[in-house]
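In what follows, a structure is listed as structure tokens, so that the remarks can point back to it.
Numbering (our numbering), first residue to last: 16 to 169.
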């Protein structure tokens, strides 16, 4: 027969707390990977005095990384978009998908709110960057941004 003792020992169970902490750590590691995966470290951005920080309100973005030779790299694409035809096809397809998504979410007009962010290498030709911007406009995108580094000390 078991007799209850007057002294009660309370031992907290830390397993659920540790599980929660590990899940939070994993969540933040994955978020950092998704953000950094869109940036191509081989691309060296030009320096501009008027450069400013990215607007945090931009939710839907398409990041296009252009190297010094005019090739465009997109996350999820195995090959770079190296010809005008490939760039045009990709941008039109992406815009059509974004429009269908907007319509499925209740926007009857199918307004695409995606901002195209062009990260062009400092050695990329202006004609290549302008051509990419024109292709984005022709595909239907209305919001575009160019990325640059800020001048240090300015």
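Backbone N, C-alpha and C define an ideal beta-carbon position, used for all residues, glycine too.
For residue i, is the classification buried or exposed, using 16 other Cβ atoms within 10 angstroms of its Cβ as the cut-off for buried?
| i | result |
| --- | --- |
| residue 130 | buried |
| residue 87 | buried |
| residue 168 | Unreliable positioning characterises residue 168 in this predicted model, as indicated by a pLDDT of 47, which lies under 50. A coordinate reading is not provided. |
| residue 119 | exposed |
| residue 77 | buried |
| residue 39 | exposed |
| residue 121 | exposed |
Thinking C-beta only, is residue j closer than 9 Å to residue i?
| i | j | result |
| --- | --- | --- |
| residue 79 | residue 147 | yes |
| residue 81 | residue 142 | no |
| residue 96 | residue 133 | no |
| residue 102 | residue 150 | yes |
Whole-angstrom Cβ separation of residue i and residue j, contact assumed at under 8 Å?
| i | j | result |
| --- | --- | --- |
| residue 91 | residue 127 | Between residue 127 and residue 91 the Cβ distance is about 18 Å, and since that is not below 8 Å, they are no contact. |
| residue 139 | residue 83 | 5 Å |
| residue 89 | residue 105 | 7 Å |
| residue 125 | residue 114 | 4 Å |
Quiz item: Which full runs of the beta strand (DSSP E) of 3+ residues lie inside the segment 72-102, going along the chain?
Solution: 76-81
Exercise. Can you check the segment 113-169 for any beta strand (DSSP E) of at least 3 residues that lies completely inside it and give the ranges in chain order?
Key: 130-135, 158-161
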